[in-house]
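Peer 1: Next up is a structure, given as C-alpha cells.
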Ligand code: PMV
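Residue numbers (our numbering): 9 to 333.
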C-alpha cells in the first residue's frame, strides 16, 4: 500500500479564472495548458493500516494549517472510494523547482499526490479519475496528470464527473516550443489565486464576458497548436492573459498582479517581434511573466529577460505525463 509518483507543473495558454462550485472546484470555463518539463514534484504515499493522524511532509518540513488540510482532504477522498481498509497515511513530497521559479508548484504537487495516493490504494492507472481527484486539491492540477497540451473541460454536471483534464497533443508533438519563466519579483503575492478568483467572480462586472470569451478561445487555440503555429498560439495566449488580468483589475477591491518590471518585459515582447524575434507572454496570478518562444530564439529571449531585471530565468519545454515509480 505504498506508491511514488512524479508530475510536472503546467502553464495555461487559456487560463482558468473563477469557480462555479468552490467545494468541488468546478470552473466557469474550460482552459488549456502546456505541461512543463523538466520541473517536477515527486510524492510518496503509504497507507499504514492503523488509526491515527496522517503524516504530511513537504520539502523536508512537516506541513501544518491549510497546506496540510488540503492534502488530508484528498487522502480522505481516496479512503472513501475503496472498501479496503487503508488506515492512516504517510505522505512525503519534494519539488525540484528552483526556489525562485515563480511558478506555483501546487499543480504538480496535487497531480503527483492524486496519482500516488490512488496507486497506493490499489487502483489501476486511470488519468480521468486521477485528474478529477487532483482537481479537488487545486484546479490547475487537473491539467498536470497528463503531459503535452491538456484541456480541462469545464463539464456541465453538478457532481464534477465530467470536469477533468484531457490530453490533446503529447509533448512530442512540439519539442521546439520553449517557455521561459522570468523571475522579476520574489515577493509573495498578496492575493492567492483562490481568493483573487472568488473576488473577481463576485464583483467584476466583466466576469461573464471573460468566461464566455475564454471558452471560445480554447476551441480557437486547438488548430493552431495542431499546426505548431507559434505566432497564432502566442497571440491567443497574450490576448487571454490580458483579458484575465482585465477582469481582475475590474474587481472590487481591484486586483493587480503586475509589477513595473512585469509590464516592461511584456512591452519588450512587442518590440522584439518588430525585430523579427518570435516571443509572446503569458502571466498567471503573479508578477513573473512566462515567455513563449522557439528553440531558435531561446537564448536571445533569455538574455532580454535578464536585461530587464529577471534575477533568474527558468527554461522549460513541453513535459510528459505524471508517472508512477
Ligand atoms: O489552480 P489554482 O487555484 O492554482 O489557480 C490557477 C489560476 C491560474 O494559474 C491564474 C490560471 C491557470 O489556469 O493555471
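Quick reminder that beta carbons are idealized off the backbone N, C-alpha and C, glycines included.
Counting C-beta neighbours from all protein chains within 10 Å, is the total for residue 61 16 or more, i.e. buried, or is it exposed?
Peer 2: Numbered from 1 along the chain shown, position 53 holds the residue referred to as residue 61. Residue 61 should be labelled exposed.
Peer 1: Answer yes or no: the CB of residue 259 versus the heavy atoms of the ligand PMV, is any distance below 7 Å?
Peer 2: By one-based count along the chain shown, residue 259 stands at place 251. No, the Cβ of residue 259 stays beyond 7 Å of every heavy atom of the ligand PMV.
Peer 1: Are the beta-carbon atoms belonging to residue 43 and residue 12 less than 8 Å from one another?
Peer 2: Here residue 43 is taken as the residue at index 35 of the chain shown, counted from 1. Here residue 12 is taken as the residue at index 4 of the chain shown, counted from 1. Taking 8 Å as the Cβ cut-off, residue 43 and residue 12 do not qualify as a contacting pair.
Peer 1: Go through its chain and collect everything with a Cβ distance to residue 58's Cβ below 7 Å, but skip five positions before and after it.
Peer 2: Stepping through the chain shown from its first residue, residue 58 is reached at position 50. Hits under 7 Å: 95, 96.
Peer 1: Would DSSP call residue 216 helix, strand or coil?
Peer 2: The count along the chain shown starts at 1 and reaches residue 216 at position 208. Three-state DSSP puts residue 216 in a helix.
Peer 1: For the ligand PMV, is there any heavy atom lying closer than 7 Å to the beta carbon of residue 221?
Peer 2: Within the chain shown, the letter at position 213 stands for residue 221. Flag unset: Cβ of residue 221 not near the ligand PMV.
Peer 1: Between the Cα of residue 231 and those of 123, 33, 40, 70, spot the shortest distance and give me the residue it belongs to.
Peer 2: As a position in the chain shown, residue 231 is number 223, starting the count at 1. Cα-wise, what sits closest to residue 231 is 40.
Peer 1: Taking 7 Å as the cut-off, does the CB of residue 202 come closer than this to any heavy atom belonging to the ligand PMV?
Peer 2: Reading the chain shown from its first residue, position 194 is the one you call residue 202. Yes, the ligand PMV has a heavy atom inside 7 Å of this Cβ.
Peer 1: I'd like the ranges of any alpha helix (DSSP H) spanning at least 4 consecutive residues and lying wholly in the stretch 176 to 212.
Peer 2: 201 to 211
Peer 1: Once you ignore the five residues that flank residue 153 on each side, which residues in its own chain have a CB closer than 8 Å to its CB?
Peer 2: Here residue 153 refers to the residue found at position 145 of the chain shown. Once the five neighbours on either side are set aside, the close Cβ partners of residue 153 are 15, 119, 122, 123, 135, 138, 139, 142, 173, 329, 330.
Peer 1: Could you check whether residue 208 and residue 21 sit closer than 8 Å to each other, using their CB atoms as the reference points?
Peer 2: Position 13 of the chain shown holds residue 21. Position 200 of the chain shown holds residue 208. Their beta carbons are not under 8 Å apart, which means residue 21 does not touch residue 208 by this criterion.
Peer 1: Can the beta-carbon of residue 327 be found closer than 8 Å to that of residue 130?
Peer 2: In the chain shown, counting from the first residue as 1, residue 327 sits at position 319. In the chain shown, counting from the first residue as 1, residue 130 sits at position 122. The answer is no: Cβ separation not under 8 Å.
Peer 1: If we cut at 8 Å on Cβ distances, does residue 136 have a partner in chain D?
Peer 2: In summary, chain D is missing from the structure at hand, where a single protein chain is found.
Peer 1: What span of residues does the beta strand (DSSP E) with residue 268 cover, start to end?
Peer 2: For the purposes of this step, residue 268 is taken as the residue at position 260 of the chain shown. Run containing residue 268: none in the beta strand (DSSP E); it sits in the alpha helix (DSSP H), 268 to 282.
Peer 1: Are there any heavy atoms of the ligand PMV lying less than 7 Å away from the beta-carbon of residue 147, as far as the coordinates show?
Peer 2: As a working note, residue 147 is residue 139 in the chain shown. Indeed, a heavy atom of the ligand PMV lies less than 7 Å from the Cβ.
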